[in-house]
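Q: Going by the working numbering, the sequence shown runs without a break in its numbering and finishes at 135.
Have a look at this one.
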Amino acid sequence: MPEGFIPPHGGYQDLLSYRKAEIVYDATVRFCARFLEKRDRTNDQMIQAARSGKQNIIEGSMASGTSKETEIKLTNVARASLEELLADYRDFLRLRGIEEWPRDHR
Numbered sequence: 030m031p032e033g034f035i036p037p038h039g040g041y042q043d044l045l046s047y048r049k050a051e052i053v054y055d056a057t058v059r060f061c062a063r064f065l066e067k068r069d070r071t072n073d074q075m076i077q078a079a080r081s082g083k084q085n086i087i088e089g090s091m092a093s094g095t096s097k098e099t100e101i102k103l104t105n106v107a108r109a110s111l112e113e114l115l116a117d118y119r120d121f122l123r124l125r126g127i128e129e130w131p132r133d134h135r
């Protein structure tokens with residue numbers, strides 16, 4: 030029988046998805062500072078999408094002890110935010126005539 034009423038939850042720091050989302054967030058903040066104007070709306074959008082991806086993984090992990098449904102919903106929000114961010118990066122490349130590297134690019 031479990032040790033308590035609420036099963037173990039959290040531990041998001043050990044999730045590969047969280048560790049990658051944290052790297053994406055850090056890289057996005059640096060990318061925006063270097064390549065976008067601070068007052069550009071895209072700057073805010075990209076940073077917020079990266080932050081949302083990371084934070085929703087945290088929230089989902091913490092909610093997992095009481096609601097698997099909430100955990101799944103927040104994980105889905107994280108995925109959607111990171112997909113939105115990917116589209117912003119692709120827009121940046123397309124609008125500047127820069128080719129996107131394929132996955133197997135060295």
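Think of the CB as a built atom: it goes at the ideal place given N, C-alpha and C, for glycine as much as any other residue.
This one's a predicted model, so the numbers in the text were calculated from it and none came from an experiment.
1. State buried or exposed for Thr57, treating a residue as buried only when at least 16 other CB atoms are found within 10 Å of its CB.
2. Could you check what DSSP says for Thr104 in three-state terms: helix, strand or coil?
3. Straight-line CA distance for Gln42 to Met91?
4. In angstroms, rounded to a whole number, what distance separates the CA positions of Arg80 and Glu100?
5. Short check: CB of Ile86 to CB of Ala50, under 8 Å?
6. Would the beta-carbon of Ala78 fall within 8 Å of that of Leu114?
7. Under a three-way DSSP split, which group does Leu111 fall into?
8. Return helix, strand or coil for Glu88, following the three-state DSSP convention.
9. I need the DSSP call for Lys67, collapsed to helix, strand or coil.
10. Assign Thr95 to one of three DSSP states: helix, strand, or coil.
11. Enumerate in chain order the residues of its own chain whose CB-to-CB distance from Lys83 is below 6 Å, with the five nearest sequence positions on each side excluded.
A: Quick look at the numbers:
1. As a first step, residue 57 must be located in the sequence shown, where it is residue number 28. Buried is the call here.
2. In the sequence shown, residue 104 corresponds to position 75, counting from 1. Note: Thr104 maps to helix in three-state DSSP.
3. As a working note, residue 42 is residue 13 in the sequence shown. As a working note, residue 91 is residue 62 in the sequence shown. Going from the Cα of Gln42 to the Cα of Met91 covers about 11 Å.
4. Residue 80 sits at position 51 when you count from the first residue of the sequence shown. Residue 100 sits at position 71 when you count from the first residue of the sequence shown. Arg80 and Glu100: Cα-Cα distance of roughly 17 Å.
5. Here residue 86 refers to the residue found at position 57 of the sequence shown. Here residue 50 refers to the residue found at position 21 of the sequence shown. Yes; because the gap between Cβ atoms is below 8 Å, this pair is in contact.
6. Along the sequence shown, read from residue 1 onward, the residue named residue 78 stands at position 49. Along the sequence shown, read from residue 1 onward, the residue named residue 114 stands at position 85. Yes. Within cutoff.
7. Stepping through the sequence shown from its first residue, residue 111 is reached at position 82. Correct three-state label for Leu111: helix.
8. Here residue 88 is taken as the residue at index 59 of the sequence shown, counted from 1. Three-state result, Glu88: helix.
9. Reading the sequence shown from its first residue, position 38 is the one you call residue 67. Lys67 falls in the coil class under three-state DSSP.
10. On the sequence shown, position 66 is the one that residue 95 refers to. Thr95 falls in the coil class under three-state DSSP.
11. As a first step, residue 83 must be located in the sequence shown, where it is residue number 54. Closer than 6 Å at the Cβ level, and outside the excluded window around Lys83, lie Ala50, Glu51, Tyr54.
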